[in-house]
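Take a look at the structure set out below.
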Amino acid sequence: MKRKLCFLMMTVLFLGFTACKNDDHKLPIEKEIAGAYKGTLDIVMYMGGSTVGTEIAKDAPQKVYLYKVDDETVKMELKNLSVINLDLGTISIDQATVIENGDSYSFAGSQELDLTNEGIGKCIVKVEGNVKNEQIALDIDVEVPAPLNQTVKVTFTGKRLTGSESSAAEITSFVFEAGKGGNDAVLIQPQINGSSITFMVADTTSTETLNTLIPTITVSEKATLTPASGVAQNFSQKVTYTVMAEDGTQQVYTVSVAQTMSFYDFESWINNSKSNYDDPAGWCTSNAALSLLKTMNYCPADAVAVGKIEGKSGQGARIMTNDTKGAWAFITAVPKVTAATLFLGEFEVNLSNTLKSTHFGVPYYDQPETVKGYYKYKAGETYYKTEINGKDVKGIEVPGMADSCVITAVLFEVNDYDSEWLDGVTLYDPATTNIVAMGVFMDGAEKSEFTPFEVKLKYSDDKVYDSSKKYKFSIICSSSKNGAEFAGAPGSELIIDDVEIVNK
717 MKRKLCFLMM
727 TVLFLGFTAC
737 KNDDHKLPIE
747 KEIAGAYKGT
757 LDIVMYMGGS
767 TVGTEIAKDA
777 PQKVYLYKVD
787 DETVKMELKN
797 LSVINLDLGT
807 ISIDQATVIE
817 NGDSYSFAGS
827 QELDLTNEGI
837 GKCIVKVEGN
847 VKNEQIALDI
857 DVEVPAPLNQ
867 TVKVTFTGKR
877 LTGSESSAAE
887 ITSFVFEAGK
897 GGNDAVLIQP
907 QINGSSITFM
917 VADTTSTETL
927 NTLIPTITVS
937 EKATLTPASG
947 VAQNFSQKVT
957 YTVMAEDGTQ
967 QVYTVSVAQT
977 MSFYDFESWI
987 NNSKSNYDDP
997 AGWCTSNAAL
1007 SLLKTMNYCP
1017 ADAVAVGKIE
1027 GKSGQGARIM
1037 TNDTKGAWAF
1047 ITAVPKVTAA
1057 TLFLGEFEVN
1067 LSNTLKSTHF
1077 GVPYYDQPET
1087 VKGYYKYKAG
1097 ETYYKTEING
1107 KDVKGIEVPG
1117 MADSCVITAV
1127 LFEVNDYDSE
1137 WLDGVTLYDP
1147 ATTNIVAMGV
1157 FMDGAEKSEF
1167 TPFEVKLKYS
1177 DDKVYDSSKK
1187 YKFSIICSSS
1197 KNGAEFAGAP
1207 GSELIIDDVE
1217 IVNK
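Using the working numbering, the letters of the sequence shown map in sequence onto residues 717 to 1220.
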């Protein structure tokens, strides 16, 4: 669903209005229309004329500004629009002619945008806005031609501010009160450090318990909080809270749990709202990337990145390499080969450099020595590499080349748990200097039965483990060892189960 957000960015940044002026009537622009409007934004995408849309954003807090140009014209700005990790910047409309309709005021316009050079074509943009009793409703429709055949509908509703509203937007207190839900599992209460909030639980705390923690949160006077205080959240992964001040000023906080896990049996899986796939508890996957490629028709609808499968005991995790055709898609290359990744960390889609989408590492409070577990492996039949020359993307067959799986374990030092990680670029970059220990296991031989694997971490000669320092640790599993180079054999399959971290 998120596949063409980039064209929305290119569209709205150049959006303009056209309308006819009324030379016989002066409107009370400054008194009744101009000002800041605080409200929420929704974005829905419709494919191929379908009447059923895909929701991209819902009730996202936003502010819209209307400025007086003259007695019949306004300028509109929607500032700092960001959706699904894409910074869409400021939508600025320099002139919109206002029409009086009884006790309301409307503005409308349309234009053709030629985005052929961006691989989209000529789009028709239609805009309608209405202000009544200090309330605004704004609709933007973008019609995208074949072969995409999309309609993107952007709506904003809000209330005009008086100018005397408070701008305070802070979380002043965040605690897990004893006796509520699973709160008794919290060992160290949340610590607020800027926009980051962290707390600690025992490494034996189950995912189910983390799903029952109920925070009590206090915010600045007259500010609102989303999601609300007193409501259980899924703290097995990071939770984002947005505080909106009375005047629409926003502050986003990220809450994470510090938990040292030592054994993963893959029996518990949790739905990831970013991909709408189930991910194994405690792990992150590249499912969001494959979901995006599916909506762009670069791989079959039944393609799997990481999914459940019968394991050595109970359930295991299956990691697949997929054929994604190889093409240029607006602002990024879609490779011929996309190898799935299962890892400890987070996944945030980065369209400008997809290798930076993987944020490897979770806070770790011990000294890992070995990672062991069980695996099966089968390499795909035909090995390809991806060649990118400008916007020309090709898949090149490599005769005689066989695929291999890879399991990497890495411990690295950080100054801040929330803002520092390794990714698909820095993990293997010789210039990366904060890696303390690393171990790699690779195998290309077929394993039709579960076979033990072991990854021994080798510590750097010039770095000594110091328990007083901050560390992050990751296990990274891929079905193609050269996946970071967009090379491998589609159909390669790695299955793992019962992964254990042995500490010194």
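For each residue, glycine too, the CB sits at the ideal point set by N, CA and C.
Take the alpha-carbon of Glu886 and the one of Thr956: they are about 13 Å apart. C-alpha of Asn1066 to C-alpha of Ser1073: approximately 5 Å in a straight line. As summarised for the segment 1013-1064, there are no continuous alpha helix (DSSP H) elements at least 4 residues long confined to that stretch. The continuous beta strand (DSSP E) containing Glu1085 extends over residues Pro1084 to Lys1094. A distance below 6 Å between beta-carbons, with the five flanking residues on each side excluded, links Val891 to the following residues of its chain, in chain order: Gln905 and Thr932. Of all alpha-carbon atoms in Phe1059, Ala1161, Ala1095 and Pro1115, the one lying nearest the alpha-carbon of Trp1137 is that of Phe1059.
For the alpha helix (DSSP H) assignment, the uninterrupted runs of no fewer than 4 residues enclosed by the segment 923-960 are, from N- to C-terminal side, 923-926.
An exposed status is given to Ser883, since fewer than 16 other beta-carbon atoms sit within 10 Å of its beta-carbon.
DSSP places Leu757 in the uninterrupted beta strand (DSSP E) bounded by Gly751 to Met763. Using a 10 angstroms sphere on the CB of Asp786, the tally of other CB atoms stays under 16, which defines it as exposed. Beta bridge pairing from DSSP links Met1117 with no other residue. According to the DSSP secondary-structure assignment, Lys1101 is paired through a beta bridge with Ile1112. Cβ neighbours of Thr914 within its own chain (closer than 7 Å, five residues either side excluded): Pro906, Gln907, Ser972, Ala974 and Tyr1133.
Residues of the same chain with a CB within less than 7 Å of the CB of Val1114, apart from the 5 flanking positions on each side, are Tyr1099, Tyr1100 and Lys1101 in chain order.
Measuring C-alpha to C-alpha distances from Ala1021 to each of Leu1210, Lys747, Ala812 and Pro777 identifies Leu1210 as the nearest. Take the alpha-carbon of Ser945 and the one of Val1180: they are about 42 Å apart. For Ser1007, the enclosing alpha helix (DSSP H) covers residues Asn1003 to Thr1011.
Boundaries for Thr965: no beta strand (DSSP E) harbours it, and the DSSP string shows neither H nor E there.
Taking each of Thr970, Val935 and Gln949 in turn and checking the Cα distance to Glu962, the smallest one comes out for Val935. For the pair Val1156 and Lys869, the Cα-to-Cα distance works out to about 47 Å.
By DSSP's assignment, Thr767 forms no beta bridge with any residue. The way I'd put it, the segment 1081-1088 doesn't touch the segment 1196-1205; fewer than three beta-carbon pairs between them come closer than 8 Å. Per DSSP, Phe1169 is one residue of the beta strand (DSSP E) stretching across Lys1163 to Lys1172.
Counting along the chain, Val1078 sits inside the beta strand (DSSP E) bounded by residues Val1078 to Tyr1080. Between Ser1007 and Lys742, the alpha-carbon positions lie close to 52 Å from each other. Per DSSP, Gln811 has no beta-bridge partner at all.
DSSP places Gly1155 inside the beta strand (DSSP E), whose first and last residues are Ile1151 to Asp1159. Assigned with DSSP and collapsed to three states, Ala894 falls in coil, not helix or strand. Remark: C-beta atoms of Phe1189 and Tyr1091 do not approach each other more closely than 8 Å.
In the structure shown, Asn1198 adopts coil according to DSSP, grouped into three states. When beta bridges are read from the DSSP output, Phe823 appears opposite Gly845. For Lys1186, DSSP records a beta bridge to Val1130.
The secondary-structure analysis by DSSP pairs Phe915 across a beta bridge with Val973.
In the DSSP annotation of this structure, the continuous segment of the beta strand (DSSP E) that includes Lys875 starts and ends at Gln866 to Arg876. For Tyr993, the enclosing beta strand (DSSP E) begins and ends at Tyr993 to Pro996.
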